[in-house]
Amino acid sequence: MRFTQAFIPTVKEVPKDAVDASHVLLLRAGYIRMVGSGIYELLPLARRALHKISAIIREAMDEAGAQEVLMPAILPASYFQETGRWDVYGPVLLRLKDRKGGDYHLGPTHEEIITDLVRREVKSYRQLPLNLYQVQMKYRDEPRPRAGLMRCREFLMKDAYSFDADEEGALRSYGVMREAYHRIFRRLGLDYRIVEADSGAIGGSQSAEFQILAQSGEDRIVVCGNCNYAANVEAAEAQAPAEAAPDASAFTERELVETPGTKTMDAVVAFFEGRGVTHADTIKALVYAAGDETPELVMALVRGDREVNEIALARHLGVDEVRLATDEEAGKALRAKVGYLGPVFDAEKYPEGAPLRLVADPEVATLASAVCGANQTGHHYAGVAYGRDFEAELAPIREVGDGDPCPVCGSVLATYRGIEGGHIFVLGTHYSGKMNATFLDAEGQAKPLVMGCYGIGVTRLLAAAIEQHHDDDGIAWPMPIAPYQAIVLPLGKDEAVAEAAAGIYAALRERGVEVLLDDRAERPGVKFKVADLIGIPLRVAIGGRGLKEGVAELKGRTEDASENIPLDQLADAVVARIEAEGGLLRPRRAEG
RNA sequence: CGGGGCGUAGCGCAGUUUGGUAGCGCGCACGGUUCGGGACCGUGAGGUCGAAGGUUCAAAUCCUUUCGCCCCGACCA
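Note that the first sequence covers residues 15 to 606 in this note's numbering.
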């Protein structure tokens, strides 16, 4: 492609509210433009990179025995009504009506639709297993779209669905997909971890996420430095503490202390400064509402330096999800302002005992002299001991963090931030059961299909790849997903240089290299800057001096130094590097 | 859903407190000088100031309503 004919609208300035690297660079380098919140136009460079990513995914899926289909994005409400998701999905579902007033929605995911297709067409165990996938736009009215392509309302997703005759088969299909995903993420050139995940309300038996490591990631994961255990902190179960923490607190008896203006943990610790109280000597008390209709209030207790794992709490309580109680709800039950709540309920004020259910992380039970809210505005208790001053249900409800022991080998865990690039589930008969999707087994018995589903956020991967591969100058694509593999820069106005560059360009195209020729009448500095910004892995620069010596410069995007290569060897050198870096060469085709 | 912020030229922004001729930078067009890391000089085109209503002699600016966008939070009780 000649740059003068290409639509690559780079800009120097982007809105100040673009903060994440991928968001800024996609805008600056002319890959995307925003149309609305979480809705983007994908310009030629983005489309090319997405095609590369999709091609890698498709190849691995086909290889794994899956078959590509394309389902509609506009769906009649009846499918989601059949499984109850028409209501459950709530405002995230983008709903519309047709001219007759019929209810429709845009597809946020396709379990129901594919299950319907399969229940209509698959009648016998002889037709199983079956794995169908598609690459398609998905629509979710996210409460808060974020960071360009990272979290969108319209996004490209590869979703696959497997159908087996039994659980054993489903696990086999799941395993095949897991291996295919490993191949995909490796080919994409991304640093990722497969982690145990929470399978959520779907209640599947197994689930794993493919997390791309990046500082800007929305998810937190823990990774063992010793064995291969890794998990999303949501799913990671904290281990019971080996021993009580050494106790430096100066309080040996429970004592009511007036602590005005200490609504936050930090303020409390600061108040007790000098008396041996750290965050780890305090008890954090959070009031949650559990259940939908008439929520039960529950006080969750973790050590002051820990966080509550809401998913673990919900699991312990046996509900789908919990939410923090409103100040109003908490106030009604506790007669004290938030900031001064705790697990100790005086017999005088609370003859019936605690007015709500208490759930504590086991770590809390090891504290012998803790500080906690006194359920009296402006007051805390110091010197509180579990067993003596209060009791609670003990359950691992804290978030796992840095330094915690690995649940598998006991070694130390480290935390990372990650971007969820893929997620695979064993669904079991969750959907097939509700939708009566059955087949006849060898004995002629009708049985529900056993399903799995497997997603990859294709547009999100584009952003994630940039998060991992960029520097101050711009994007630095891994070769396999770069929109172009090489860019040729003729420098200066010399006619002979332009001709030589055109010759290199033609030779590279002849060899099947995807190449850009920056034939604009721009100064060299501009061409260098833009080449770096848009992130093309290989750069060929040719100027008047080099031409006299019969050489051009070849430089990798992430390298500091360039190499002079004789013109007649240049195509070979470029081709060799592309192949070495995992790029594919394509037979030449007509191009503008 | 809570908090904060923002809608002014294609893009990035100032101007709004204190009402009085709509500005700057980039980009774009033309001319010239430059030419190995987003050059410089000159000339020029380009705006119903998000929308609606109101106050006023006069509104980008004040009031009301509304639409849109962004950031943070939605665990620090």
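We put the CB at the ideal spot given by N, CA and C, even for glycine.
Short Cβ contact (9 angstroms threshold) for residue i with residue j
{"i": "residue 138", "j": "residue 453", "result": "yes"}
{"i": "residue 516", "j": "residue 497", "result": "no"}
{"i": "residue 593", "j": "residue 579", "result": "no"}
{"i": "residue 376", "j": "residue 410", "result": "yes"}
{"i": "residue 314", "j": "residue 374", "result": "yes"}
{"i": "residue 146", "j": "residue 80", "result": "yes"}
{"i": "residue 59", "j": "residue 162", "result": "no"}
{"i": "residue 364", "j": "residue 388", "result": "no"}
{"i": "residue 432", "j": "residue 223", "result": "yes"}
{"i": "residue 523", "j": "residue 589", "result": "no"}
{"i": "residue 541", "j": "residue 534", "result": "yes"}
{"i": "residue 268", "j": "residue 398", "result": "yes"}
{"i": "residue 211", "j": "residue 251", "result": "no"}
{"i": "residue 395", "j": "residue 311", "result": "no"}
{"i": "residue 301", "j": "residue 338", "result": "yes"}
{"i": "residue 16", "j": "residue 530", "result": "yes"}
{"i": "residue 438", "j": "residue 400", "result": "no"}
First through last residue of the alpha helix (DSSP H) which encompasses residue i
{"i": "residue 545", "result": "538-548"}
{"i": "residue 285", "result": "279-285"}
{"i": "residue 118", "result": "It is not in any alpha helix (DSSP H) - residue 118 instead sits in the beta strand (DSSP E) that spans 117-120."}
{"i": "residue 236", "result": "Unbroken run through residue 236 is the beta strand (DSSP E), 233-238; no alpha helix (DSSP H)."}
{"i": "residue 569", "result": "Not the alpha helix (DSSP H): residue 569 falls in the beta strand (DSSP E), residues 565-570."}
{"i": "residue 329", "result": "324-331"}
{"i": "residue 91", "result": "91-97"}
{"i": "residue 589", "result": "581-594"}
{"i": "residue 243", "result": "Note, residue 243: premise wrong, no alpha helix (DSSP H); not H, not E."}
Sequence-distant residues of the same chain with beta carbon closer than 7 angstroms to residue i, five excluded per side
{"i": "residue 108", "result": "119, 120, 153 and 155"}
{"i": "residue 89", "result": "118, 119, 121 and 127"}
{"i": "residue 206", "result": "199, 224, 225, 226, 227 and 435"}
{"i": "residue 494", "result": "66, 70, 201, 202, 203, 596 and 597"}
{"i": "residue 490", "result": "483, 484, 549, 571 and 572"}
{"i": "residue 123", "result": "152 and 173"}
{"i": "residue 324", "result": "336"}
{"i": "residue 239", "result": "425, 426 and 428"}
{"i": "residue 392", "result": "272, 273, 274 and 354"}
{"i": "residue 28", "result": "38, 41 and 42"}
Residue i - containing beta strand (DSSP E), residue span
{"i": "residue 462", "result": "460-462"}
{"i": "residue 138", "result": "Looking at the DSSP string, residue 138 is not in any beta strand (DSSP E), and its letter there is neither H nor E."}
{"i": "residue 230", "result": "Here residue 230 belongs to no beta strand (DSSP E), and DSSP marks it neither H nor E."}
{"i": "residue 442", "result": "427-442"}
{"i": "residue 301", "result": "297-304"}
{"i": "residue 109", "result": "109-111"}
{"i": "residue 531", "result": "529-531"}
{"i": "residue 449", "result": "It is not in any beta strand (DSSP E) - residue 449 carries neither H nor E in the DSSP assignment."}
{"i": "residue 313", "result": "310-317"}
{"i": "residue 385", "result": "384-387"}
{"i": "residue 269", "result": "269-272"}
Neighbourhood of residue i by C-beta, 6 angstroms cutoff - its chain only, sequence neighbours within 5 removed
{"i": "residue 404", "result": "357 and 358"}
{"i": "residue 106", "result": "154 and 155"}
{"i": "residue 316", "result": "298, 322, 375 and 412"}
{"i": "residue 34", "result": "161 and 230"}
{"i": "residue 545", "result": "501 and 553"}
{"i": "residue 53", "result": "167 and 168"}
{"i": "residue 144", "result": "177"}
{"i": "residue 31", "result": "none"}
{"i": "residue 574", "result": "none"}
Cβ-based neighbour list, residue i, same chain, cut-off 8 angstroms, excluding 5 preceding and 5 following
{"i": "residue 158", "result": "165"}
{"i": "residue 142", "result": "136, 177, 178, 179, 183, 453 and 463"}
{"i": "residue 25", "result": "41, 42 and 44"}
CB-CB length for residue i against residue j, believed under 8 angstroms
{"i": "residue 599", "j": "residue 527", "result": "6 angstroms"}
{"i": "residue 11", "j": "residue 472", "result": "No answer is possible for residue 11: it lies beyond the span of the chain, which begins at 15 and ends at 606."}
{"i": "residue 480", "j": "residue 514", "result": "Not a contact, Cβ separation roughly 33 angstroms."}
{"i": "residue 451", "j": "residue 133", "result": "4 angstroms"}
Write down every uninterrupted run of the alpha helix (DSSP H) in the stretch 153-210 whose length is 4 residues or greater and which is fully enclosed by it, in chain order. Listed in chain order, the complete alpha helix (DSSP H) runs (minimum 4 residues) inside the stretch 153-210 are 181-201.
Beta strand (DSSP E) segments (min. 3 residues) lying fully within the stretch 26-64: Scanning the stretch 26-64 for uninterrupted beta strand (DSSP E) segments of 3 residues or longer gives 46-50 and 53-56, listed from N- to C-terminal end.
At 3 residues or longer, what runs of the beta strand (DSSP E) sit wholly inside the stretch 452-508? Contiguous beta strand (DSSP E) elements confined to the stretch 452-508 occur at 452-454, 460-462, 464-471 and 500-504, taking only those with 3 or more residues.
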